[in-house]
Structures are given as structure tokens and as C-alpha cells.
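K.L.:
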Amino acid sequence: MLTIPSRLDVMHRLGRAMADPTRARILLQLLEKPSYPAELARELALTRTNVSNHLACLRDCGIAVAEPEGRQTRYEIADPHLTRAIEALLEVTLAVDADAPCMDAACPLDDCCEASS
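The numbering used here applies: residue 319 is where the sequence shown begins, and numbers increase by one.
#1: Return the first residue and the last residue of the alpha helix (DSSP H) that Ala374 is part of.
#2: Mind reading off the beta-carbon distance from Ala335 to Arg341? Whole number of angstroms is fine, and I expect it under 8 Å.
#3: In the DSSP output, what is Gln347 paired with across the bridge?
#4: Less than 8 Å between the C-beta atoms of Ala406 and Gly380, yes or no?
#5: Using CA coordinates, which residue listed in Leu349, Ser324, Arg377 and Leu364 is at the minimum distance from His399?
#6: In angstroms, rounded to a whole number, what distance separates the CA positions of Arg325 and Ala423?
#7: Could you check how far apart the C-beta atoms of Arg377 and Val369 are, in whole angstroms? I think they sit under 8 Å.
#8: Nearest by alpha-carbon distance to Gln390: which of Leu346, Leu373 and Pro355 is it?
#9: What three-state label does DSSP hand Ala395 in the structure shown?
#10: Taking the C-alpha atoms as reference points, what is the distance between Pro419 and Glu387?
The following block contains the structure:
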């Protein structure tokens, strides 16, 4: 179990990783599939140096891992649990919109899905 200081550290690392728009774009790509720096640079129209710097940050934050494959290095999300957690965060609407219907048909929250009925 994480202690309070380590939980705060985890929140800081996640926030730092996702706060930068370029890192967020790279992270979204890695959620789709593992990738290589050159491939990410091409797909996101970035320089390889820029991508490498951001991948280093994601690696240092513990979100991505580098897997050597011969002369190349493949990057992927560090853990499948982390992948599911980030995907769950992406599904949550953080901005409150009273007119927006709940997207979860099995939502257990009281009064949540009445607007969508």
C-alpha cells in the first residue's frame, strides 16, 4: 500500500507527465500501441530529439518503459494497470455540463443517468 508521501509523489509524476501537450500526445499514441521514437516523431510531426526528450520524461516519471530491440528502442506504457487507469481517466468528464448525458449505461450513481433517459 502506498503511503501518503508516495501517493503525493505519484500524483506529482502523473501530473507532470500529462501536463505537457506534447507528452500527452505521445502518451495517447502509446496507449494505442507500443512505438519507436522515429515512428512517434513521424506520426506526430515532431523532431526525433523532441520525442526522445519527452519519452525520457515519461520514463523518469515511471509511466513509460524502454525495451531494447536490436538497434532500436521500443517504448510502451509501464504497466497494463496504468494503461487501464489512464484510459479510465480519459473516459471521465472533468468539466461539469449539466446537459451532458451520462455515457455509462450501467452507472451506479444516484440521479446520474436520469438526464439520459
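Note that beta-carbon positions come from the ideal geometry of N, C-alpha and C, so glycine has one too.
P.N.:
Checking against the coordinates, here is how it stands:
#1: Arg366 to Asp378
#2: 6 Å
#3: According to DSSP, which records beta bridges pairwise, Gln347 is partnered with nothing at all.
#4: no
#5: Leu349
#6: 31 Å
#7: Rounded, the Cβ-Cβ distance is 12 Å, inconsistent with contact.
#8: Among Leu346, Leu373 and Pro355, the Cα nearest to that of Gln390 belongs to Pro355.
#9: Contrary to the premise, residue 395 reads as Ile rather than Ala in this sequence. In this structure, Ile395 counts as strand in the three-state DSSP scheme.
#10: Each residue's CA atom was taken as its position, placing Pro419 and Glu387 some 45 Å apart.
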